[in-house]
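One structure is given here, and the rest of the page talks about it.
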Amino acid sequence: MHLVLIVAAAAYGAVAGLLVPRPRYRLAVAPEEPWRYRCPQGHPLTGPAGGWLGPARCPACPVERRRFSVRAAPVAVALAVFCGGLAAATGARPELAVWLLLAPFGALLAGVDRAVSRLPDVLTLPMAAGAVSLLGVITLLPRGAGSWTRALLGGAVLGGGYLLLFVISPTGIGFGDVKLAPTLGVALGWYGWDVLFLGAFAGPLLGAVHGGWLVLTRRAGRKTALPFGPFMLAGAGAGVVLGALGTA
């Protein structure tokens with residue numbers, strides 16, 4: 001049964017990953033611009049859910065120009081591995097459904113932040129509300145391994161911490177990072193304060209290692225601004241997996 005759950009979660013992650021590049025393209029715009037309605041060649045993006053679902057290919061474009069976003073295969077593989085890992089760590093506990101629902105949106109946020117160095121409100125704010133609401137429902141079900149009250153406090157602590165960093169150094173932390181922090185704090189706080197601190201510090205550590213590597217390889221300077229959201233998400237993802245393992 002556990003193996004079936006892992007395979008099903010991995011398959012879900014792969015399918016979700018195939019759908020990420022299209023909304024990534026549509027949301028990867030400057031803060032003052034609306035999301036994209038057309039492909040790079042000017043053709044309207046139509047289809048399910050108002051053109052948000054489907055492959056990142058435009059059927060009206062010439063064959064060699066149909067793909068208008070990043071390749072879907074690497075995203076699908078990464079999400080399949082992560083979702084399978086979540087299932088292996090969490091097992092059949094009900095909070096797994098919440099983590100699996102949040103994972104594709106985390107991948108989408110990371111992709112948009114890498115592309116244009118912003119975390120759009122249309123994703124960060126609903127994710128925070130969704131994480132709080134869904135985990136609240138989970139507390140009513142049997143076999144849940146976390147604490148909703150601690151999750152709420154975790155969201156407040158991590159969100160407040162990032163807000164303080166933004167006030168102290170607005171050039172070092174973007175306000176989008178502040179808006180993302182409560183969601184990550186809720187997810188990490190569900191499993192405990194030690195998991196919260198682990199996931200919270202893993203993000204900056206990963207960012208520092210990556211930035212150091214770019215400087216050493218001369219692909220960036222010491223003052224080069226790097227998107228921080230992907231590292232926050234990676235650190236929180238690792239923390240959730242370890243937290244789930246610790247309650248197994």
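Its first residue numbered 1, the sequence shown is counted upward by one per residue in full-length UniProt numbering. Even for Gly, the Cβ is constructed at its ideal location relative to N, Cα and C.
On the criterion of 16 or more Cβ atoms from any shown chain inside 10 Å, does residue i qualify as buried, or is it exposed?
i    : result
T183 : buried
P94  : buried
A73  : exposed
G68  : Reading off the sequence shown, one finds Phe at residue 68, where the question assumed Gly. Buried, since its Cβ has 16 or more Cβ neighbours within 10 Å.
P104 : buried
K223 : exposed
F228 : buried
G13  : buried
T124 : buried
I168 : exposed
Quick check on DSSP: helix, strand or coil for residue i?
i    : result
R219 : coil
R26  : helix
P142 : coil
R66  : coil
P48  : helix
On the DSSP letters alone, give me the boundaries of the alpha helix (DSSP H) that residue i sits inside.
i    : result
G155 : W148 to I168
C83  : A72 to T90
I6   : H2 to L19
R114 : E95 to V116
L188 : F175 to G189
F231 : G229 to G246
Could you say if the stretch 154 to 166 and the stretch 202 to 222 meet the contact criterion of at least three C-beta pairs nearer than 8 Å? No, the stretch 154 to 166 does not touch the stretch 202 to 222.
Between the stretch 79 to 92 and the stretch 4 to 13, do at least 3 Cβ pairs fall closer than 8 Å? Segment contact: the stretch 79 to 92 against the stretch 4 to 13, three or more CB-CB distances shorter than 8 Å; contact assigned.
Check whether the stretch 141 to 151 and the stretch 211 to 226 are in contact - that is, three or more C-beta pairs closer than 8 Å. No, because fewer than three Cβ pairs between the stretch 141 to 151 and the stretch 211 to 226 fall closer than 8 Å, the two stretches do not touch.
Stretch-stretch touch, CB-based, cutoff 8 Å, three pairs: the stretch 56 to 64 with the stretch 98 to 117: As far as the Cβ criterion goes, the stretch 56 to 64 does not touch the stretch 98 to 117, which means the pair count is below three.
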